[in-house]
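These notes concern the structure reproduced below.
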């Protein structure tokens, strides 16, 4: 039973990503399907969607949700407490440097990746995004696992300046790690090809779950303290989510956050509570 719930727990995350991306892709398709885009326009669009959504979503989580004591207490996923840290503040130089890197990355990706026009078929897009997240999770798992090996560990230490975490820690990494992570993220694009509407949707939702994953909150996508434990313990939980860590036996078991947004955890929690209540009733009768 436990293995069944663990499997459903991982699949729920993948399905949330795929369904959310499919919905957002429909919006981009509706906005762009009558518009002829050349390479430069696609690059600028891809870059702007990624950059604007990163800052807007991050500020919304940090200044909107986390600044509210009630929301923060209710949505906090972190169970293993660590000493609070002061997070780096934004600087003009840091923002400009980050945006130049993002723009160059967008240009290289769209110049090299094969473009495939897939239209707005819901089923086709859902399948593409489902393959995309499973493949991206595997690629990220492998690269992240390697970054924790001694010969590459120094590259990754900047990201691990923080045992505690905050949304914008997602972007706190060295240049070499940024390149490695970017290559990792785009590998599935070279396998499956890209449609600009799919790519924009993936970038938007990718920012959403990445920022949430570093926020120590469970809002919609992140159903546990999976990545919090990785920052706390510096080992295990190398994937985007726990599927590949379960497969390769590197899982640091997370605490699941039950709630209406996380139906698998909610059902599992209620079954466990019912089982405990039943056991106590039987023992009292005996």
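Residue numbers (the numbering used here): 2 to 287.
Here a beta-carbon is modelled for each residue, glycine too, at the ideal position from N, C-alpha and C.
Checking 7 Å against the spacing of the C-beta atoms, do residue 215 and residue 170 come in under that value? yes
Are the beta-carbon atoms belonging to residue 194 and residue 117 less than 7 Å from one another? yes
Beta-carbon within less than 7 Å of residue 244's beta-carbon, same chain only, minus the 5 sequence neighbours each way: which residues are those? 11, 138
Span of the alpha helix (DSSP H) around residue 4: 3-33
From residue 120 to residue 35, what distance separates their C-alpha atoms? 11 Å
Using a Cβ-Cβ cutoff of less than 8 Å, which residues in the same chain neighbour residue 204 once the five nearest sequence positions on both sides are dropped? 47, 50, 51, 54
Quick check: the Cα distance between residue 279 and residue 266, rounded to an integer number of angstroms? Any answer about residue 279 is weak, because its pLDDT of 49 lies below 50 and its placement is not dependable; what the coordinates show is given next. For residue 279 and residue 266, the distance between alpha carbons rounds to 20 Å.
Taking the C-alpha atoms as reference points, what is the distance between residue 167 and residue 217? 7 Å
Segment contact flag, the stretch 102-110 with the stretch 176-190, C-beta cutoff 8 Å, min 3 pairs: yes
Once the 5 residues before and after residue 160 are set aside, which same chain residues still bring their CB inside 8 Å of it? 170, 173, 174, 175, 178
What is the rounded straight-line gap between the Cα of residue 165 and the Cα of residue 59? 16 Å
Quick check: residue 225 and residue 255, are their CB atoms within less than 7 Å of each other? yes
Determine the extent of the alpha helix (DSSP H) in which residue 155 is found, giving its start and end residues. 154-157
Smallest Cα separation from residue 37: which of 197, 149, 131? 197
With residue 123 and residue 219 assumed to form a contact (beta carbons below 8 Å), what rounded beta-carbon distance in angstroms separates them? Actually they are not in contact, since the Cβ atoms of residue 123 and residue 219 sit about 27 Å apart, beyond 8 Å.
Which one of 237, 257, 258 has the shortest CA to CA distance from residue 248? 237
Alpha helix (DSSP H) containing residue 252: first to last residue? Careful: residue 252 lies outside any alpha helix (DSSP H) and carries neither H nor E.
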